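Take a look at the structure set out below.
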Amino acid sequence: MREKWKRNDIWLFLAIVLAALFLFLWQRAAFSVKGAVAVVSRDGETIGSYPLDGEERIVFTGSGGERNVLTIRDGEAYMEEADCPDRLCVKQGPVGKNGESIICLPHKLAVQIISEQTGEADILVK
Numbered sequence: 173m174r175e176k177w178k179r180n181d182i183w184l185f186l187a188i189v190l191a192a193l194f195l196f197l198w199q200r201a202a203f204s205v206k207g208a209v210a211v212v213s214r215d216g217e218t219i220g221s222y223p224l225d226g227e228e229r230i231v232f233t234g235s236g237g238e239r240n241v242l243t244i245r246d247g248e249a250y251m252e253e254a255d256c257p258d259r260l261c262v263k264q265g266p267v268g269k270n271g272e273s274i275i276c277l278p279h280k281l282a283v284q285i286i287s288e289q290t291g292e293a294d295i296l297v298k
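The opening residue of the sequence shown carries number 173 in this note's numbering; numbering runs sequentially from there.
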């Protein structure tokens, strides 16, 4: 037997949906990093710095022909393509918070997010 939704059930459902939407938007605004850049280095030498507030697709080609494609969009950076054997850098997904990084070991390429904002401490040690 199927019961119809009553008026109070609909109000409760809408209140829950609105609360979830508010919390989601608040989290995105509170934890977004302003002025962050993706610093790319190969074999320890910095080869570029790209702001996360734009949209950009950058192709990095090494001396041996190795290729990585870094995409910056929506305040995050992710490795879109790589021709390394394991492709772990592609599988890692997007990074956008201070201190996060993407590493491609076979190509010796590193992408690190650097911002002037500091995050909260994960742990305090005395």
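Glycine included, each C-beta is placed from N, C-alpha and C at the ideal position.
The structure displayed is predicted, hence computed values, not measured ones.
Checking the sheet assignment: what are the DSSP bridge partners for residue i?
{"i": "Leu281", "result": "Arg214 and Cys276"}
{"i": "Ala254", "result": "Asn240"}
{"i": "Gly220", "result": "Val212"}
{"i": "Arg200", "result": "Paired residue(s): none; Arg200 is not in a bridge."}
{"i": "Phe232", "result": "Asn240"}
{"i": "Ala192", "result": "BP columns for Ala192 are empty, so no partner."}
Roughly how far, in whole angstroms, is the beta-carbon of residue i from the beta-carbon of residue j, given that I think they are within contact range, below 8 Å?
{"i": "Thr243", "j": "Arg229", "result": "5 Å"}
{"i": "Glu253", "j": "His279", "result": "About 12 Å separates the two Cβ atoms, so there is no contact after all."}
{"i": "Gln284", "j": "Val231", "result": "That belief does not hold up - the Cβ atoms of Gln284 and Val231 are roughly 19 Å apart, past 8 Å."}
{"i": "Ala249", "j": "Leu281", "result": "That belief does not hold up - the Cβ atoms of Ala249 and Leu281 are roughly 12 Å apart, past 8 Å."}
My output table needs one value for residue i: the three-state DSSP class, helix, strand or coil.
{"i": "Ala187", "result": "helix"}
{"i": "Arg179", "result": "helix"}
Given that a residue counts as buried once 16 or more other Cβ atoms are within 10 Å of its Cβ, and exposed if not, what is residue i?
{"i": "Leu195", "result": "exposed"}
{"i": "Asn299", "result": "Residue 299 is absent from the structure shown; the chain starts at 173 and stops at 298."}
{"i": "Ala187", "result": "exposed"}
{"i": "Ile182", "result": "exposed"}
{"i": "Val189", "result": "exposed"}
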